[in-house]
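Residue numbers (my numbering), protein chains in the order written: chain A, 3 to 340; chain B, 175 to 544; chain C, 607 to 685. Here a beta-carbon is modelled for each residue, glycine too, at the ideal position from N, C-alpha and C. Quick caveat: nothing in here was measured; it's all calculated off a predicted structure.
Pasting the structure below:
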């Protein structure tokens with residue numbers, strides 16, 4: 003560590019004075035609200051009527067800062083989005099931080115500030131949390147776990163059993179941006195330019211979709227493994243498959259360019275602010291218009307449909323009107339030269 | 175008339191209307207000339223033919239066979255074993271193209287070596303491996319040099335930079351190979367009935383058209399140097415069928431925007447300044463005279479095999495593996511008994527399944543809608 | 607073995623190095639393997655090196671051939 007840059011020490015996780023300083027001076031500075039400020043062992047909340055949605059995720063992204071966001075923004079959006087695509091209004095989040103000894107305090111503040119920005123814009127608060135500090139090498143700078151509860155609203159997605167051949171497959175915006183933006187800044191690749199993660203909260207678009215297409219069958223955000231991963235999960239072991247129209251799938255030019263250079267497929271690249279949905283054919287246009295009316299999802303598109311003739315498969319109708327299978331993504335994509 | 179599309183934009187070579195027109199011509203010609211078997215030598219062509227949908231578009235009218243042009247697939251397994259051994263050597267870091275990470279050696283892949291604590295870094299360019307060596311003078315960087323004439327010049331240039339900059343901690347585990355000798359070996363194989371070769375566009379950008387004249391002359395095999403966009407592929411196939419219809423066997427260049435008849439002499443000069451042709455074993459073809467490269471003696475200091483000797487012998491092919499036969503199209507991937515059951519991309523037995531452009535991987539990932 | 611993509615040389619940064627760009631992304635490139643690289647040239651990018659220049663005139667010629675094929679075949683797309 004150079005000079006006397008403030009850094010997180012093991013003692014900050016120890017429960018003593020330094021821990022209290024970290025909590026009040028850093029965490030509460032960004033997350034302050036009545037419930038959290040009480041610093042009870044548990045947050046006491048008013049239970050909503052109807053069903054509760056409950057989700058959790060851990061965030062271990064490396065690098066912690068990337069074009070378009072950081073691990074904090076990722077964590078806040080990730081949990082909000084899991085609730086949103088389940089048809090739930092996010093009510094409250096928990097946030098657990100596992101900080102590596104020596105992590106710069108300034109970086110921690112920037113990350114918490116990023117989370118706060120998302121939470122404030124979505125009207126959701128962190129009501130409970132935890133902070134631990136681990137020895138150098140035991141965490142890659144910072145790990146974050148968030149859990150979220152939401153109130154399930156009507157209409158909610160019906161589920162896979164409701165899918166019918168002829169249903170439309172939509173995507174809420176261009177695909178592959180997050181995965182490629184993070185890959186581009188890995189050591190040794192160092193591509194500069196317009197690539198930005200698509201990391202964003204999706205409650206408003208998901209809600210707009212469900213209101214415009216009340217019989218929506220499925221919505222999922224297309225995170226690790228990309229669009230291909232969720233489509234495969236959806237149709238696995240079903241008596242229907244998915245047909246995609248390559249020309250209709252939105253991909254930003256910079257994302258397509260990096261995929262071309264590295265031999266990767268945008269269908270397999272991660273997204274953090276984009277969802278796919280299956281809606282009845284006669285509600286597809288309404289769903290699309292609802293998404294287009296929101297600035298965040300002006301790039302939404304109908305990209306395919308459900309078909310009965312290749313059950314369990316995802317098939318791509320290519321730009322030149324040939325056909326090929328879209329395979330399941332296999333682990334972490336390595337850039338290729340071949 | 176509409177102006178032509180921007181010739182530097184990839185979309186210009188992906189027009190569906192032109193694709194349909196070329197496909198129609200191909201089908202009509204195939205009806206006249208009878209069944210044609212064409213081999214795409216280059217693994218990148220194998221993948222492009224599948225991913226673009228050209229294979230599906232043409233259907234049965236032409237048989238497309240995948241050849242041995244996948245440098246990962248034809249590299250004997252002991253190279254992976256050597257790289258893994260270097261990765262586990264204290265003070266040594268192996269820098270490799272991503273393509274090699276999941277290829278099984280006889281004792282696991284580089285990905286597995288890394289998980290077990292070995293020092294392995296994925297790089298996009300030999301320049302990155304060089305930069306790693308420059309930034310870490312106490313680290314010995316072994317760059318895994320796999321590839322054909324498209325890729326080897328870059329490795330040679332990196333060696334020259336290392337010499338110029340005094341980077342004595344940079345070395346190359348050399349496994350580079352040369353395509354033309356392998357084409358001769360392939361064309362001479364009994365039982366291989368081919369009507370033409372789809373020749374590798376980017377290898378040809380380096381070597382030019384000359385080396386194929388020997389193949390055409392000696393084996394009466396049409397050769398068309400072809401690009402990688404969908405319309406390039408279709409046009410290349412059409413040109414081969416047209417030669418068959420005329421009873422010709424000539425070398426033609428579909429990819430003239432990137433391939434000059436004389437190739438790239440400067441890249442070749444750099445390549446052969448550092449390396450010289452040598453005999454090499456190609457999985458599938460066996461020993462190919464002049465089919466590989468060796469470091470010239472004056473560059474021994476950059477030859478990992480000379481600087482860090484290892485006691486590693488040739489690795490046997492895994493039992494039941496038919497990669498050798500697949501690589502020369504004696505067996506089509508779905509005909510291998512291990513295909514899609516014991517051997518699949520998540521748990522590959524041989525390199526043809528794990529290589530990003532192995533014929534088996536391509537068939538598994540993109541093919542067969544039946 | 608042949609993944610190479612046409613990109614544009616934006617500028618030179620040394621006797622044999624430069625920066626290339628494609629659709630809004632850019633990267634350092636090694637130009638040792640080609641003769642007389644100039645900003646504005648299009649080159650094939652492979653493993654961080656420019657391996658050959660892309661000839662615009664030849665590209666246009668190829669596109670002309672495609673256009674002829676389209677016109678002669680009636681220019682319809684298949685069903």
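Using a CB distance cut-off of 7 Å, residue 516 (chain B) does not count as an interface residue toward chain A.
Residues of the segment 640-662 of chain C with a C-beta less than 9 Å from any C-beta of chain B: 640, 641, 648, 650, 652, 653, 654, 655, 657, 658, 659, 660, 661 and 662, listed in chain order.
At a cut-off of 7 Å between beta-carbon atoms, residue 376 (chain B) makes contact with chain C. Fewer than three Cβ pairs drawn from the segment 252-261 of chain B and the segment 229-236 of chain B lie within less than 8 Å of each other, which leaves the two stretches out of contact. A direct Cα-to-Cα measurement between residue 443 (chain B) and residue 184 (chain B) gives close to 30 Å. For the segment 239-264 of chain B, the set of positions with a beta-carbon nearer than 9 Å to some beta-carbon of chain A reads 244, 245 and 246 in chain order.
Contact of residue 679 (chain C) with chain B is assigned, a C-beta pair being separated by under 7 Å.
In this structure, residue 211 (chain B) lies away from residue 395 (chain B), with their beta-carbon atoms at least 7 Å apart. Counting only runs of at least 4 residues, the segment 379-461 of chain B fully encloses the following alpha helix (DSSP H) elements, listed from N- to C-terminal order: 384-393, 404-420 and 439-448. Of all C-beta pairs linking the segment 298-316 of chain B to the segment 456-471 of chain B, fewer than three are shorter than 8 Å, placing the two stretches out of contact.
Look at residue 273 (chain A) here: in three-state DSSP terms it is coil, with no helix or strand label. Within the segment 192-210 of chain A, 192, 193, 194, 195, 196 and 197 place their CB atoms closer than 8 Å to a CB of chain C, listed in sequence order. Per DSSP, the beta bridge partners of residue 194 (chain A) are C:632. Against residue 638 (chain C), the close residues of chain B are 331 and 444, in the order they occur along the chain (beta-carbon pairs closer than 7 Å). Among the CB atoms of chain C, one or more fall inside 7 Å of the CB of residue 324 (chain B). Interface annotation for the segment 275-300 of chain B against chain A: 275, 276, 285, 295, 296, 297, 298 and 299, criterion Cβ-Cβ distance under 9 Å. In the three-state scheme derived from DSSP, where H, G and I count as helix and E and B as strand, residue 608 (chain C) is classed as coil. Going by DSSP, residue 249 (chain B) is part of no alpha helix (DSSP H) at all; its letter is neither H nor E. CA-to-CA, the gap between residue 642 (chain C) and residue 436 (chain B) works out to about 17 Å.
Each of A:132, A:284, A:134 and A:117 was checked against the Cα of residue 126 (chain A), and the nearest Cα belongs to A:117. With fewer than 16 other Cβ atoms from the protein chains shown falling within 10 Å of its own Cβ, residue 47 (chain A) counts as exposed. Looking only at C:680, C:618 and C:670, the smallest Cα-Cα distance to residue 179 (chain B) is reached by C:670.
The beta carbon of residue 480 (chain B) is closer than 6 Å to those of 474 in its chain, skipping five residues each way along the sequence.
Residue-level contact by beta carbon fails for residue 616 (chain C) and chain B, as no gap is shorter than 7 Å. For the beta strand (DSSP E) assignment, the uninterrupted runs of no fewer than 3 residues enclosed by the segment 149-222 of chain A are, from N- to C-terminal side, 170-173. Exposed is the label assigned to residue 291 (chain A), since fewer than 16 other Cβ atoms lie within 10 Å of its Cβ. One finds 248, 318, 319, 320, 321, 322, 323, 324, 325 and 326 in chain A with Cβ atoms closer than 9 Å to the Cβ of residue 227 (chain B), taken in chain order. In the three-state scheme derived from DSSP, where H, G and I count as helix and E and B as strand, residue 117 (chain A) is classed as helix.
Residue nearest to residue 36 (chain A) within the set A:88, A:113, A:130 and A:86 is A:130 (criterion: CA-CA distance).
Proximity to residue 631 (chain C) across A:259, A:14, A:177 and A:241 peaks at A:259, based on C-alpha coordinates. Note that the segment 390-407 of chain B does not touch the segment 490-497 of chain B; fewer than 3 beta-carbon pairs, one per stretch, sit closer than 8 Å. Contact between residue 533 (chain B) and residue 324 (chain B) does not hold, since the beta-carbon distance rounds to 19 Å and is not under 8 Å.
Chain C has a Cβ within less than 7 Å of the Cβ of residue 431 (chain B). In the displayed model, residue 191 (chain B) falls within a helix according to three-state DSSP. An exposed status is given to residue 54 (chain A), since fewer than 16 other beta-carbon atoms sit within 10 Å of its beta-carbon. Close to residue 612 (chain C), with beta-carbon spacing below 7 Å, are these residues of chain B in chain order: 182.
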